[in-house]
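In the working numbering, the protein residues as written are 17 to 335. Scroll down for the structure; my scribbles are underneath it.
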């Protein structure tokens, strides 16, 4: 028996214009646009059930919507993200003079507890890297290059696995990374990362040959990527790299639940800051558009300092 298709309300022309603006003016990624579209669709269906259109929404209607989300068990983070979408949308309507007010201006977002980034200790990262070098053959060389590059640069996993060959400078010391919104940034490589990349590049052709055997037409572009694969994308996938890291964690004696590409990105940032890096430099390395996003790592440093005082201060154990 065929599943019944759920009908959803189409987005208004104003909402479509808003999404188009995000792409053309802000360079928003496809995943971002889809997320905003889903948020607006959810509110559109709620507003219709209340006898209103999205563009006619009042502050009271938006508060009622947030109450509904809370009652449905959604986390404060999810509700906050949906409110953020509505804020941007109504600011757009106000700026385009489609509305004479912004109904979200006086609405407070749901309270969220601070969620600190998860990261590995420096010792755990060293064990992970040692385990990568302990693997034999071409797969070991590739994995060592991936881990060294990720920890040395803090790249997003999509930036790493999908890195084009042209991103590497002639001397192999600099990467030119195209991040969110198509913005480019220069990322220097440490000597260990550069050496690991050089060693891998010597055997990279083996992975290109493997990908050329694929019948998938998209895989024919594999030679353009630093980490080619026979998969549909033509390069190593995020999911596969995540699996490889879990396997490596087991070999290094680390709980695999603690290890992921994003955790290594957080580890890079946390360790760099702990060793004296300034926030502006860290922001540039991570490709954050706003330094507020980077400031979350200062909380990590604060927590580490609190633990140090608690455990290492000579009077810590005294009443």
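Cβ coordinates follow ideal geometry from the N, Cα and C atoms, glycine included.
Neighbourhood of residue i by C-beta, 7 angstroms cutoff - its chain only, sequence neighbours within 5 removed
i           : result
residue 22  : With a pLDDT of only 37 at residue 22, under the threshold of 50, the placement of this residue in the model should not be trusted; the figure read from the coordinates follows. Cβ neighbours of residue 22 beyond the five flanking positions: none.
residue 288 : 298
residue 68  : 77
residue 157 : 215, 216, 219
residue 81  : 59, 62
residue 114 : 30, 71
residue 17  : Legend: pLDDT at residue 17 = 36, less than 50; position of this residue unreliable, no value from coordinates given.
residue 151 : 159
residue 95  : 82, 85, 86, 126
residue 202 : 190, 192
residue 141 : 167, 283
residue 79  : 123
residue 103 : 120
residue 49  : 35, 38, 39
Integer-rounded CB distance, given that residue j should sit under 8 angstroms from residue i
i           : j           : result
residue 295 : residue 285 : Actually they do not touch by this definition, with Cβ atoms about 10 angstroms apart.
residue 275 : residue 290 : Between residue 290 and residue 275 the Cβ distance is about 19 angstroms, and since that is not below 8 angstroms, they are no contact.
residue 154 : residue 224 : Actually they are not in contact, since the Cβ atoms of residue 154 and residue 224 sit about 12 angstroms apart, beyond 8 angstroms.
residue 250 : residue 241 : 6 angstroms
residue 279 : residue 162 : Their Cβ separation, rounded to whole angstroms, is 14 angstroms, which puts residue 279 and residue 162 out of contact at 8 angstroms.
residue 191 : residue 205 : 7 angstroms
residue 56  : residue 105 : 6 angstroms
residue 74  : residue 119 : 6 angstroms
residue 179 : residue 243 : 7 angstroms
Status (buried if at least 16 other CB within 10 Å, exposed otherwise) for residue i
i           : result
residue 365 : As shown, the chain starts at 17 and ends at 335. That puts residue 365 outside it, with no answer to give.
residue 308 : exposed
residue 139 : exposed
residue 124 : exposed
residue 175 : buried
residue 187 : exposed
residue 101 : buried
residue 335 : Because residue 335 carries a pLDDT of 47, less than 50, the predicted location of this residue cannot be relied on, and no value is offered for it.
residue 248 : exposed
residue 198 : exposed
residue 245 : buried
residue 147 : buried
residue 195 : buried
residue 42  : exposed
residue 32  : exposed
Strand pairing of residue i, partner residues [DSSP]
i           : result
residue 180 : 241
residue 201 : 193
Own chain residues within Cβ distance below 6 angstroms of residue i, not counting five before or after
i           : result
residue 292 : none
residue 170 : 281, 284, 285, 301, 302
residue 19  : In this predicted model, residue 19 has a pLDDT of only 35, less than 50, meaning its place in the structure is not dependable enough to derive any value.
residue 262 : 272
residue 237 : 250
residue 209 : 164, 165, 168
residue 44  : 38
residue 207 : none
residue 116 : none
residue 149 : 160
residue 145 : 163
residue 239 : 224
residue 34  : 105, 108
residue 212 : 160, 161, 164
residue 65  : none
residue 9   : In this structure the chain extends from 17 to 335, so residue 9 is not present and cannot be described.
residue 267 : 147
is_contact[residue i, chain B] using C-beta, thresh 8 angstroms
i           : result
residue 171 : You won't find chain B in this structure, because it holds only one protein chain.
Beta-carbon contacts of residue i that lie in its chain and below 8 angstroms, excluding the five residues immediately before and after
i           : result
residue 8   : Nothing can be reported for residue 8, as the shown portion of the chain is limited to 17 through 335.
residue 269 : 143
residue 310 : 285, 295, 298, 299, 302, 304
residue 260 : 159, 162
residue 185 : 191, 192
residue 110 : 116, 117, 118
Original post:
What runs of the alpha helix (DSSP H), each 4 residues or longer, lie entirely inside the segment 149-194?
Top reply: Runs of the alpha helix (DSSP H) inside the segment 149-194: 153-169, 173-177.
**OP:** Let me know the alpha helix (DSSP H) ranges lying completely inside the segment 263-304, each 4 residues or longer, listed in chain order.
**Re:** 277-290, 295-302
Original post:
Hey, which unbroken runs of the alpha helix (DSSP H) at 4 residues or more fall wholly within the segment 53-128?
Top reply: 75-87, 92-111
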